[in-house]
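Protein chains in written order, with this note's numbering: chain Z, 3 to 355; chain B, 6 to 280.
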């Protein structure tokens, strides 16, 4: 409006200029205050959980002071708390996780590939997908009972069938030797199969997520170049989803390390001073191959079971032992998660997104 | 029908003989009475089109008129969409590809496709171009290297990438990625190349290069290009087909379609009365 006409307008039509800076509007001030309060509540939640974690870790480290030493990981269990060590648990967990990975990776990744890439959307497929999500929430002790009924009984039957031993031919340097492998009912393979059941739903779910994250344009482009569906999956989809799949597998495996309930159901030993297959150090994996073959069919104990056992001892000196066990378990978990990060980093770099 | 003013007369693409003698070229693709359904919804109504060999045919029409769907039936990419149904015949090199006995993998090797949004694989440039021959069974490294070089040269990308064949294809610009996709399609040695709006996501300079590329390629390949851009159709193609609401309204030499079309709908679309 031109200055010449402004005098003819009524006073109500001329609005006062808004001062954007003064903060005089109290409604806006209240909304800003609420917004800041919300941000502070979130900060509190985060730092509170962090603080609890720090306190727990500090308490554990403090409790472990009496016993945490290098010989803790080189000794096996003993009734003397000053000598009790975790070697049998470490080896038991090692064998368990090795075979759990061997069983769960092909089955888990294969199922995810089938459900995401190959299966046509039908009623049955939808039922399977829904139930997989439910299975991830089933308490692990239920899998322990299932493992006992199915796997341990099968192992018992096999054991009796072969009269407690199985004969396998081993290629020696110049001839084939026959070896007797004792089959125990509660052996590592039974434990590994049960743990596979425990982690399979999460492995499948993580793999499905990873497969879904590959853009469909990649698949379409691959098919348009004359690739078959399997070639597309093998050469494009799986390599592109490898970071996600490997992260899912490794994290699920690290969850399996901490599982005690299903293994106790299966009859894993609570107190033992023997490592599976009597293999005490990593060198023996190479030098005593016969024992390596015995190990999967041998009885075992695992880290969480030993910790549980020590924490139940009436002798108060075992508190430090149990705490040291927890520290070792945490270190192992940290190592595994670091491996997961490294694998993911290298797989992503090779992927060149 | 009034002649369209000189502003619409298409300039010739450099080096390409625009006046195509139809009788000299046999048909590479012949669609006969094609009806296409997504479930119960019909999107193509009795489409019959002949695409001559070693020429560029442009499919034009407003959005949703079925031209991309028609393009995808030519290499059976619509099979990937659940619930799609196709009736009619499509003869590619004289053989009906709607026959269930046809090996679609082999078909797609010979009828290549370039998509609107360039989708290089997350691999190196070399592996991208070599992917087609590799899945077809070629393992010899020397043969693959020669093939990659010749295809990148044909796609006018060799000079820009010859020093970095092992770097990621994702590091290329949009126009370079699209040319990489064209090189990738050429590597399978197709007879026919289908292009679904190949330059719509690119800047004018890249678009210009792609159009020149099409002009060079059409001497050896049959090209069918879907485009929203009428000026592009008039620049690059020998024959144009106008689709509207799933029906093929008119088809004919590009010069004729853009200067004196026979159908009123075609003229309305070309002069911009709708679309």
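For every residue, glycine included, the Cβ atom is placed at its ideal position computed from N, Cα and C.
(1) Give the DSSP-derived three-state secondary structure of residue 117 of chain B in the structure shown.
(2) Using a Cβ cut-off of 7 Å, pull out every chain B residue sitting near residue 357 of chain Z, in sequence order please.
(3) Given that residue 222 of chain Z touches chain B, what residues does it touch there, using C-beta distances under 8 Å?
(4) Which chain Z residues are close to residue 136 of chain B, counting only those with a beta carbon under 7 Å from its beta carbon?
(5) In angstroms, rounded to a whole number, what distance separates the CA positions of residue 36 of chain Z and residue 178 of chain B?
(6) Output, in chain order, the set of chain Z residues within a Cβ distance shorter than 8 Å of residue 261 of chain B.
(7) What did DSSP end up calling residue 285 of chain Z once you bin it into helix, strand or coil?
(8) For residue 84 of chain B, does the three-state DSSP call read helix, strand or coil?
(9) Can you name, in chain order, every residue of its own chain whose Cβ lies under 7 Å from the Cβ of residue 28 of chain B, other than the five neighbours on each side?
(10) Does the beta carbon of residue 237 of chain Z sit closer than 8 Å to a beta carbon anywhere in chain B?
(11) Could you spell out the range, first to last residue, of the beta strand (DSSP E) harbouring residue 252 of chain B?
(12) Anyone know if the C-beta pair for residue 206 of chain B and residue 184 of chain B falls short of 8 Å?
(13) Are the CB atoms of residue 224 of chain B and residue 212 of chain B nearer to each other than 8 Å?
(14) Let me know if residue 243 of chain B comes out buried or exposed under the rule of 16 or more other beta-carbons within 10 Å of its beta-carbon.
(15) Using the Cα positions of residue 164 of chain Z and residue 151 of chain Z, report the straight-line distance between them to the nearest angstrom.
(16) With H, G and I counted as helix, E and B as strand and the rest as coil, what does DSSP make of residue 51 of chain B?
(17) So, do the segment 218-227 of chain Z and the segment 328-337 of chain Z have three or more beta carbon pairs nearer to each other than 8 Å?
(18) Where does residue 223 of chain B sit, in a helix, a strand or coil, going by DSSP?
(19) Who are the near neighbours of residue 286 of chain Z in its chain, counting only those whose CB is closer than 7 Å to its CB and skipping five residues on each side?
(20) DSSP three-state call for residue 89 of chain B: helix, strand or coil?
(21) Just verifying my parser: in three-state terms, what is the DSSP assignment at residue 201 of chain B?
(22) At what residues does the beta strand (DSSP E) containing residue 32 of chain B begin and finish?
(23) Taking the straight line between their C-alpha atoms, what separation do you get for residue 29 of chain Z and residue 21 of chain Z?
(24) Between which residues of its own chain and residue 147 of chain B is the CB-CB distance below 6 Å, once the five residues before and five after are set aside?
(25) For residue 140 of chain B, go through chain Z and note every residue whose CB falls closer than 9 Å to its CB, in chain order.
(26) When burial is assigned at 16 or more other CB atoms within 10 Å of the CB, is residue 189 of chain Z buried or exposed?
(27) Alpha carbon to alpha carbon, what distance is there between residue 254 of chain B and residue 270 of chain B?
(28) Kindly identify the DSSP beta-bridge partner or partners of residue 248 of chain B.
(29) Going along chain B in order, which residues have a C-beta closer than 7 Å to the C-beta of residue 353 of chain Z?
(30) Report yes or no: is there a C-beta of chain Z within less than 8 Å of the C-beta of residue 256 of chain B?
(31) With distances taken between CB atoms, is the gap from residue 324 of chain Z to residue 94 of chain Z smaller than 8 Å?
(32) Write down every uninterrupted run of the alpha helix (DSSP H) in the segment 187-239 of chain Z whose length is 4 residues or greater and which is fully enclosed by it, in chain order.
(33) Return the residues of the segment 309-340 of chain Z that lie within a Cβ-Cβ distance of less than 8 Å from chain B, sorted by chain order.
(34) Let me know if residue 302 of chain Z comes out buried or exposed under the rule of 16 or more other beta-carbons within 10 Å of its beta-carbon.
(35) Whose Cβ in chain B lies nearer than 8 Å to the Cβ of residue 219 of chain Z?
(36) The beta strand (DSSP E) that contains residue 207 of chain B, what's its start and end?
For this structure:
(1) Against the second chain, residue 117 of chain B aligns to sequence position 112. Strand, per DSSP.
(2) Within the shown structure, residues of chain Z are numbered from 3 to 355, placing residue 357 of chain Z beyond reach of any answer.
(3) For the purposes of this step, residue 222 of chain Z is taken as residue 220 along the first chain, with counting starting at 1. Those within 8 Å of residue 222 of chain Z in chain B are 82, 85, 120 and 124.
(4) As a working note, residue 136 of chain B is residue 131 in the second chain. Here the neighbours are 227.
(5) Looking up residue 36 of chain Z in the first chain gives position 34. Looking up residue 178 of chain B in the second chain gives position 173. Their Cα atoms are separated by approximately 46 Å.
(6) For the purposes of this step, residue 261 of chain B is taken as the residue at position 256 of the second chain. Ordered by position in chain Z, no residue passes the 8 Å Cβ test against residue 261 of chain B, which lies about 32 Å from the chain.
(7) The sequence position of residue 285 of chain Z within the first chain is 283, counting from 1. If DSSP states are grouped into helix, strand and coil, residue 285 of chain Z belongs with coil.
(8) Against the second chain, residue 84 of chain B aligns to sequence position 79. Helix, per DSSP.
(9) On the second chain, residue 28 of chain B is found 23 positions in, with the first residue counted as 1. Any answer about residue 28 of chain B is weak, because its pLDDT of 47 lies below 50 and its placement is not dependable; what the coordinates show is given next. Result list for residue 28 of chain B: empty, nothing under 7 Å.
(10) Position 235 of the first chain, counted from the first residue, corresponds to residue 237 of chain Z. Yes, residue 237 of chain Z lies at the interface with chain B (some Cβ there is under 8 Å from its Cβ).
(11) The count along the second chain starts at 1 and reaches residue 252 of chain B at position 247. Residues 252-258.
(12) Mapped onto the second chain, residue 206 of chain B falls at position 201. Mapped onto the second chain, residue 184 of chain B falls at position 179. Taking 8 Å as the Cβ cut-off, residue 206 of chain B and residue 184 of chain B do not qualify as a contacting pair.
(13) In the second chain, counting from the first residue as 1, residue 224 of chain B sits at position 219. In the second chain, counting from the first residue as 1, residue 212 of chain B sits at position 207. Not in contact: residue 224 of chain B and residue 212 of chain B (Cβ atoms no closer than 8 Å).
(14) The sequence position of residue 243 of chain B within the second chain is 238, counting from 1. Answer is buried; the Cβ neighbour count reaches 16.
(15) Start at 1 with the first residue of the first chain, and residue 164 of chain Z comes out as number 162. Start at 1 with the first residue of the first chain, and residue 151 of chain Z comes out as number 149. Their Cα atoms are separated by approximately 20 Å.
(16) Translated into the one-based positions of the second chain, residue 51 of chain B becomes position 46. Looking at residue 51 of chain B - three-state DSSP - the assignment turns out to be strand.
(17) no
(18) Sequence index remark: in the second chain, residue 223 of chain B carries index 218 (1-based). Residue state, collapsed to three classes: coil.
(19) Within the first chain, residue 286 of chain Z is the residue found at index 284, counting from 1. Contacts found: 293.
(20) Here residue 89 of chain B corresponds to residue number 84 of the second chain, with the count starting at 1. Note: residue 89 of chain B maps to strand in three-state DSSP.
(21) On the second chain, position 196 is the one that residue 201 of chain B refers to. Residue 201 of chain B falls in the strand class under three-state DSSP.
(22) Counted from its first residue, the second chain places residue 32 of chain B at position 27. First-last of the beta strand (DSSP E) with residue 32 of chain B: 32-43.
(23) Locating residue 29 of chain Z in the first chain gives position 27, where the first residue counts as 1. Locating residue 21 of chain Z in the first chain gives position 19, where the first residue counts as 1. Between residue 29 of chain Z and residue 21 of chain Z, the C-alpha separation is close to 15 Å.
(24) Against the second chain, residue 147 of chain B aligns to sequence position 142. Excluding sequence neighbours, residue 147 of chain B sits near nothing in its chain.
(25) As a position in the second chain, residue 140 of chain B is number 135, starting the count at 1. Residues of chain Z passing the Cβ test: 224, 227, 228, 229, 230, 233, 234 and 237.
(26) Within the first chain, residue 189 of chain Z is the residue found at index 187, counting from 1. Residue 189 of chain Z should be labelled buried.
(27) Walking along the second chain from the start, residue 270 of chain B turns up at place 265. Walking along the second chain from the start, residue 254 of chain B turns up at place 249. Near 8 Å, if we compare the C-alpha coordinates of residue 254 of chain B and residue 270 of chain B.
(28) Start at 1 with the first residue of the second chain, and residue 248 of chain B comes out as number 243. DSSP, once it has assigned bridges, lists B:253 as partnering residue 248 of chain B.
(29) Position 351 of the first chain, counting from 1, holds the residue named residue 353 of chain Z. Within 7 Å Cβ-Cβ: 127.
(30) On the second chain, residue 256 of chain B is found 251 positions in, with the first residue counted as 1. With 8 Å as the cut-off, residue 256 of chain B does not count as an interface residue toward chain Z.
(31) Residue 324 of chain Z sits at position 322 when you count from the first residue of the first chain. Residue 94 of chain Z sits at position 92 when you count from the first residue of the first chain. No, these two residues do not count as a Cβ contact at 8 Å.
(32) 190-214, 218-226 and 231-234
(33) none
(34) Working through the first chain from its first residue, we reach residue 302 of chain Z at position 300. By the neighbour-count rule (16 or more Cβ atoms within 10 Å), residue 302 of chain Z is buried.
(35) For this step, residue 219 of chain Z is matched to residue 217 along the first chain. Per Cβ cutoff of 8 Å: 120, 122 and 124.
(36) Walking along the second chain from the start, residue 207 of chain B turns up at place 202. Segment: none, residue 207 of chain B is in no beta strand (DSSP E) and carries neither H nor E.
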